[in-house]
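With the working numbering, the residue at position 141 of the sequence shown is 309, and numbering never jumps. Glycine residues also receive a C-beta, built at the ideal position from the N, C-alpha and C atoms. From a predicted model like this one, the values you see are computed outputs, not experimental measurements. Scroll down for the structure; my scribbles are underneath it.
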Amino acid sequence: MAELVKNYIGGEWLAARTGETFQSINPATEEVVADVARSGADDVNAAVQAAKAAYKNWRLTPAPRRGEILYRVGQLLMERKEDLARLMVQEMGKVIAEARGDVQEAIDMAFFMGGEGRRLLGYTAPVEMPNKFGMALRDSVGVVGLITPWNFPIAIPSWKSLPALIAGNCVVFKPASDTPKLGAEFVRVFQDAGLPPGVMNIIVGPGGSVGNALATHPDVRVVSFTGSTEVGYRMYAQAAQLGKKVSLELGGKNAIIVMDDANLELAVEAITWSAFGTTGQRCTATSRLIVQKGVHRELVDALYEKTKSLKLGYGLDESVQVGPVVSRSAREGIHEYVEIGKNEGATLLTGGGFADPLDGKGFFYLPTLFDNVTPDMRIAREEIFGPVLSIIEVETLDEAVEVNNQVAYGLSSSIFTENVNAAFRAIRDLSTGIVYINHGTTGAEIQFPFGGTRGTGNGMREAGQTALDSFTEWKAVYVDYSGRLQRAQIDTETILKDQ
Ligand code: UN1
């Protein structure tokens, strides 16, 4: 039996109370990466109780001290970067260079949020009365539940846990069932960095039982979820009944617009990277290419050649550019969309089927290009989460923007143009949470807000200082040092006269 991935509750690694296990599978080799505790609601409850108990001291620990622990987390992540990256390739399939980038994102976030330990800025403002002082402070909220996906198994947990912890909250973290070992190794970093027991807990297991129990637990004040729109909105509705704050990062249907005046060589590089990097399994991946008529043919020809040249295989091989998709069922879901695209009348240029670079092993799918896609087709509207790019031709910038904006999601968008006026119009009019000029739709940096409009979320943002909004509540404080009753809005004039 492989090593068992356990829960970390109150500073102890424990098997699930159910006694059951499941397996984490390498999507390239189909080997077992780990046996994993199949936890349930009782484990979640134990973790929430441990977090609640630890909160008493953690909220009172000065934020700069909390920040020092986060700096140690950053340091340990740096030391373990290569090991974590290799495990990531094995557990979810992304190629090694990208896996290193995933860990790097967490390192960046650890140092950024460590610095927040000496900021967590509030503000003061003048008040109406003499001898009175007013200030607004960020306050911790208590126990927060973090539910994360498999596609950024270290980065996304870092976006959620680090701001939550620096603000003085305690965490119960549920990693995706496809990447539980990475989740556990991430938490081990906090343990080794000296985070007090109970402040950070992990429960591994299926979304249906563990995720649900966490999102509906009465003692969990905030739920931060990244995953599918369907699950996210269901969770949002349940949490609303219980008065919880919810932060959602859901689907995307991101587009790159290429104008006639674009640098096409650059555009081809960027499109290929954004569409097929991480095998198209990023929320920010490019799944639509909106191309102006004049360069359609030339761009598609170049893109075709580039797409055909991509090397598929096991991501531990540094020369491999595209790894497998995460699971057998994910591959089937992608293939269903390809069939839908063909039935809708789109032109399949290349790809459209399983790939087999490892001779019968692994869940590989060929990078796929569909041309002559119209905006109403399902492959142009629905998130596929795989290496499938739909190409849509337009006549003008206005039409391109309209096509971009008419999908249900609004995470990331991009335009390639050498015309500064067109670029600024696009910045103004593209209705996504992230906009790129002359760069693909992926590659957000941690110091800026990350998130999207419409069906991509619920108006919250991760990363940057904005991340603190999810994990804090404002406390307004008034200090009256006049020694008398000064009624706001009422006594203003008389009190000033008495001065
Ligand atoms: C995601 O796909 O959910 O901007 C996160 C990017 C990465 C993060 C993606 N920094 O593509």
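Residue of the options minimising C-alpha distance to residue i
i: N572; options: N589, V556, T542; result: T542
i: T397; options: C451, P294, T447; result: C451
i: L350; options: Q258, Q359, S329, A381; result: Q258
i: R233; options: A361, G521, R185, N175; result: A361
i: V212; options: G313, M260, V494; result: G313
i: A218; options: Q243, Q191, V339, K529; result: V339
i: D544; options: G554, G373, Y533, I559; result: I559
i: L434; options: R402, T564, S582; result: S582
i: M256; options: G483, V488, V295, R185; result: G483
i: E561; options: D539, G554, I552; result: D539
i: F279; options: L245, K300, F301, G269; result: L245
Rounded separation between residue i and residue j - CA only
i: V575; j: G627; result: 17 angstroms
i: V647; j: W318; result: 48 angstroms
i: Y291; j: G625; result: 28 angstroms
i: S638; j: G651; result: 37 angstroms
i: A267; j: G261; result: 9 angstroms
i: L288; j: E630; result: 15 angstroms
i: E180; j: P365; result: 8 angstroms
i: A323; j: I658; result: 52 angstroms
i: K224; j: G310; result: 9 angstroms
i: F341; j: I370; result: 5 angstroms
i: F592; j: P374; result: 45 angstroms
i: V263; j: D251; result: 14 angstroms
i: A304; j: E504; result: 52 angstroms
i: V569; j: D597; result: 7 angstroms
i: A523; j: A253; result: 24 angstroms
i: G187; j: I177; result: 16 angstroms
i: E586; j: G520; result: 33 angstroms
i: K643; j: G336; result: 14 angstroms
i: T347; j: E198; result: 14 angstroms
i: T536; j: P343; result: 30 angstroms
i: Y533; j: G491; result: 9 angstroms
i: I508; j: K474; result: 25 angstroms
i: A594; j: E551; result: 23 angstroms
i: S329; j: Q654; result: 43 angstroms
For residue i: DSSP bridge partner residues
i: S580; result: I602
i: G302; result: A293, Y646
i: V391; result: G313, V414
i: A423; result: R456, S581
i: T189; result: A205
i: G172; result: It should be pointed out that residue 172 corresponds to Leu in this sequence rather than to Gly. Per DSSP, D203.
i: D307; result: E641
i: A523; result: F532
Limits of the alpha helix (DSSP H) - the one that residue i falls within
i: A438; result: 432-444
i: V216; result: 209-226
i: T397; result: 397-409
i: Q258; result: 249-260
i: L382; result: 380-383
Delimiting residues of the beta strand (DSSP E) encompassing residue i
i: W181; result: 180-182
i: Y176; result: 175-177
i: V201; result: 200-205
Near the ligand NAP: residue i beta-carbon under 7 angstroms from a heavy atom
i: G208; result: Absent from the structure shown: the ligand NAP. Ligands present: the ligand UN1.
Quiz item: Which runs of the beta strand (DSSP E) fall wholly inside the stretch 531-571 and span at least 3 residues, in chain order?
Solution: 536-539, 556-562
Quiz item: If you scan the stretch 272-298 from start to end, which runs of the beta strand (DSSP E) of 3 or more residues do you find wholly inside it?
Solution: 291-293
Practice problem: Taking only runs that begin and end inside the stretch 582-615, name each unbroken beta strand (DSSP E) of 3 or more residues, in chain order. | Solution: As far as the stretch 582-615 is concerned, its whole beta strand (DSSP E) runs of at least 3 residues are 602-605.
Quiz item: Which residue spans inside the stretch 617-647 form an unbroken alpha helix (DSSP H) run of at least 4?
Solution: 635-639
Quiz prompt | Secondary structure, beta strand (DSSP E): runs of 3+ residues fully inside the stretch 440-519 | solution = 454-460, 515-518
Exercise. List in chain order: all unbroken beta strand (DSSP E) runs of 3+ residues lying wholly within the stretch 331-370.
Key: 338-342, 368-370
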